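Since the structure comes first, as structure tokens, the remarks are kept for the end.
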Amino acid sequence: MKLNKASLFALISVLELASEPERQLSTADIADKYGISSHHLAKVMRNLVHEGVVQAMRGVGGGYRFAGNVNRTTLLDIIKLFETMESDLDMPHWNKAADPVVEELQAITNEIDTVTRAILDTITLATALKNTRLRAELAAQKEAPKG
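Counting from 1 along the sequence shown, just add 87 to a position and that's the residue number in our numbering.
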């Protein structure tokens with residue numbers, strides 16, 4: 088599965104903000120940390136604010152804060168805001184005699200989409216954040232001098 092940039096930027100932003108819900112971050116803070124376009128990220132953040140996932144904080148030191156529930160919000164909840172999650176075979180000029188083959192391939196991609204949606208709907212932000220912390224701890228252990 089390949090996520091479009093908006094979905095990826097949304098997941099990064101939401102996970103970053105949800106990791107410390109009381110903290111406020113600007114689009115520049117997030118964009119700089121992950122090396123992504125702050126202009127594109129600003130558009131994504133507007134959508135996330137509109138959907139109530141994040142809250143825009145105005146004024147000096149303003150930015151964004153996570154507004155959801157990390158135990159209930161899933162990766163699918165975020166991704167669905169930016170993509171349809173449906174595959175379609177790119178068959179510009181297909182032969183009608185080959186319909187059963189094309190129909191079977193479409194059925195397979197539909198099944199893959201269903202399984203993918205089901206998996207993404209089981210992974211909450213809390214789970215993703217827990218796994219992120221575990222990965223960071225493992226990386227730190229590997230880098231620590233042995234002695």
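Even glycine gets a Cβ: it sits at the ideal position worked out from N, Cα and C. If you're wondering where the values come from, they're calculated on a predicted model, not measured in any experiment.
Comparing alpha-carbon positions, which option in the options lies nearest residue i?
{"i": "I117", "options": "V136, A97, E109 and L221", "result": "A97"}
{"i": "L163", "options": "S174, I123 and I210", "result": "I210"}
{"i": "I99", "options": "R222, D208, I123 and G150", "result": "I123"}
{"i": "G148", "options": "S174, T114 and P232", "result": "T114"}
{"i": "T214", "options": "H137, N156 and I195", "result": "N156"}
{"i": "L207", "options": "I165, L225, V189 and E107", "result": "I165"}
{"i": "A154", "options": "E224, L216 and E107", "result": "E107"}
{"i": "E191", "options": "A205, L135, V202 and D175", "result": "D175"}
{"i": "M88", "options": "N218, L221, E230 and E198", "result": "E198"}
Report, in whole angstroms, the separation of the C-beta atoms of residue i and residue j, which I expect to be a contact under 8 Å.
{"i": "L168", "j": "V141", "result": "So it is not a contact: roughly 11 Å between Cβ atoms."}
{"i": "E170", "j": "D200", "result": "Their Cβ separation, rounded to whole angstroms, is 11 Å, which puts E170 and D200 out of contact at 8 Å."}
{"i": "T235", "j": "L102", "result": "As shown, the chain starts at 88 and ends at 234. That puts residue 235 outside it, with no answer to give."}
Using C-beta distances below 8 Å, list every residue in its chain close to residue i, excluding the 5 sequence neighbours before and after it, in chain order.
{"i": "R159", "result": "T211"}
{"i": "M144", "result": "Q111, G150, Y151 and R152"}
{"i": "K120", "result": "E103"}
{"i": "T161", "result": "L207, D208, T209, I210, T211 and L212"}
{"i": "V131", "result": "A93, F96, A97, S100 and F169"}
Please work out which residues of its chain come closer than 7 Å, Cβ to Cβ, to residue i, disregarding the five sequence neighbours upstream and downstream, and give them in chain order.
{"i": "K92", "result": "H127"}
{"i": "A223", "result": "none"}
{"i": "H137", "result": "none"}
What does a CB cutoff of less than 6 Å around residue i pick up in its chain, not counting 5 residues either side in sequence?
{"i": "L95", "result": "none"}
{"i": "D186", "result": "none"}
Can you list the beta strand (DSSP E) stretches of 3 or more residues lying completely in the segment 102-162, in chain order? 141-144 and 150-153
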